[in-house]
Amino acid sequence: MKYIDEFRNAHLAHALVKQMKGQALPPIRLMEFCGGHTHAILRFGIRSLLPMEVEMLSGPGCPVCVTSSTDLDRAIALSRIPGVILTTFGDMVRVKGSQGSLQGERARGADVRIVYSPLDALRLAENHPRRSVIFLGVGFETTAPGVAASILEAETKGLKNYFVLSLHKLTPPATRAILDAGEVRLTGILGPGHVTTVIGTDAWKFLPIQYGVPIAVAGFEPVDILQGIRMLVDQISKGQAKVDNAYSRSVLPQGNRTALSIMNRVFDVCDAEWRGLGTLSKSGLQLCTEYARFDASKAFQIPIVSSGEPPGCRCGEVLRGLLFPPECSLFRRVCNLENPVGPCMVSSEGACSAHLQFGDNGHEDRPD
Ligand code: SF4
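Everything in the sequence shown is counted per the numbering used here, starting at 5 for the first residue and increasing by one.
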């Protein structure tokens, strides 16, 4: 516990805040890409500590939230195939597509099971050789290597009944899309710590080089986050734009080569549909030709019918940093933790659930 305590040390946190408040600052608008950061920022009250010139917006870094309704409908269609066991992480079963949710399908008799890793799904396939076990591959670069490993293990074991529906997404293209759209004017990005542990800080060099936007990669404890914000504030106040690393105990410039290698061996980059951002070029991962026999979208004929958001839900705007969750008319009253309308309330990394759980009055001070 000592290690975590150090990164929750109030004296260190206040020293970082003091450093930021001790200088004249221009208006600074930062986006935390990662849903884990959003939750930590709200949970630890970090917004209220920051200088008034510094605004934090939440971004699209919640994998459950950015999974499109269309892809959810595809997962539901798979769960309805006789003999299929559909496996997924917990939050995904409660998210609604246009056809309802996987939880609803389970209530109607579909065999939908929550697993904690793709290897759990692999074990199910071994234990049920006459059933087709499909793992719903949802997540960013952090999750994809583990899914790739499960496919390699399935191949080694000669399993013919293990499949993956790959809905994996890549984070740099989404960040690029938000900057290209220009809907929010960002002066810096708080970079995702876990993702960057895999892809490395070098993967973010395009931000300062092509967009003139600084980034600081940060971990998830209060001191990590404040250190990242302070690095960004320093860069911006000096007119600099570079890649900083406030999470050097985990993140290297080149990332995790073993994880990248296994991911690149099994997956090819493809276009992917994101909730709120639409279809982004080269922003997803599909199984490469060599492992295509494990691809659920190829092994099973499922209809692809484009579907939209739940009525009234504004998750798309939340994910693009355009809307603070309390500004959604359904927030709390209609959409809450017990009865979530959209994925940003369902997911444990969603911005709406973070605002509801930990409260936030920062939107009242939001500059135009
Ligand atoms: Fe969607 Fe609920 Fe968030 Fe509104 S509060 S954007 S309905 S998840």
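Glycine included, C-beta positions come from ideal geometry on N, C-alpha and C.
The model shown is predicted, which means the values in this text are computed figures rather than measured ones.
Taking C-beta separations shorter than 6 Å and ignoring five residues to either side along the sequence, the partners of residue 154 in its chain run 122, 123, 126, following chain order.
Put simply, of 358, 206, 263, 141 the residue whose alpha carbon is nearest the alpha carbon of residue 291 is 141.
Under the DSSP assignment, residue 22 falls in the alpha helix (DSSP H) whose first and last residues are 14 to 25. Restricting attention to 134, 297, 230, the CA atom closest to the CA of residue 19 is found in 230. In the three-state reduction of the DSSP assignment, residue 90 falls in the strand class. The stretch 171 to 215 contains, as complete alpha helix (DSSP H) runs of 4+ residues, the segments 175 to 185, 197 to 203 (chain order).
Rounded to whole angstroms, the Cβ separation of residue 281 and residue 318 is 14 Å, and the two are not in contact under 8 Å. The Cβ atoms of residue 237 and residue 21 do not sit closer than 8 Å to each other. Nearest to residue 299 by alpha-carbon distance, out of 227, 327, 159, 342, is 159. With respect to residue 76, residue 39 sits apart: the two C-beta atoms are not nearer than 8 Å. Here residue 193 really is in contact with residue 219; their C-beta atoms are around 4 Å apart, less than 8 Å. The Cβ atoms of residue 284 and residue 276 lie closer than 8 Å to each other.
With contact defined as three or more Cβ pairs closer than 8 Å, the stretch 10 to 19 and the stretch 326 to 338 are not in contact. In the DSSP assignment, the residues bridged to residue 283 are 277. At least one heavy atom of the ligand SF4 is found less than 7 Å from the C-beta of residue 318. With contacts defined by Cβ atoms closer than 8 Å, residue 146 and residue 199 form a contacting pair. Minimum Cα-Cα distance from residue 286 among the listed residues 303, 273, 204 corresponds to 273. Measuring C-alpha to C-alpha distances from residue 357 to each of 10, 12, 66, 13 identifies 66 as the nearest.
For residue 77, the enclosing alpha helix (DSSP H) stretches over residues 73 to 83.
Comparing alpha carbon positions, the residue from 254, 13, 190 closest to residue 223 is 254. Around the C-beta of residue 134, fewer than 16 other C-beta atoms lie within 10 Å, and the residue is accordingly described as exposed. The Cβ atoms of residue 143 and residue 172 sit closer than 8 Å to each other. Around the C-beta of residue 294, fewer than 16 other C-beta atoms lie within 10 Å, and the residue is accordingly described as exposed. Just so you know, the alpha carbons of residue 228 and residue 175 end up roughly 20 Å apart. Residue pairing from DSSP places residue 290 in a beta bridge opposite 272. Residue 36 sits away from residue 72, with the two beta carbons spaced by 8 Å or more. Beta-bridge partners of residue 141 (DSSP): 170. If you ignore the 5 residues before and after residue 55, its C-beta comes within less than 7 Å of the C-beta of 24, 25, 29, all in its own chain and listed in chain order.
Nearest C-alpha to residue 240 among 260, 217, 252: 217. Secondary structure at residue 342: coil, using DSSP grouped into helix, strand and coil.
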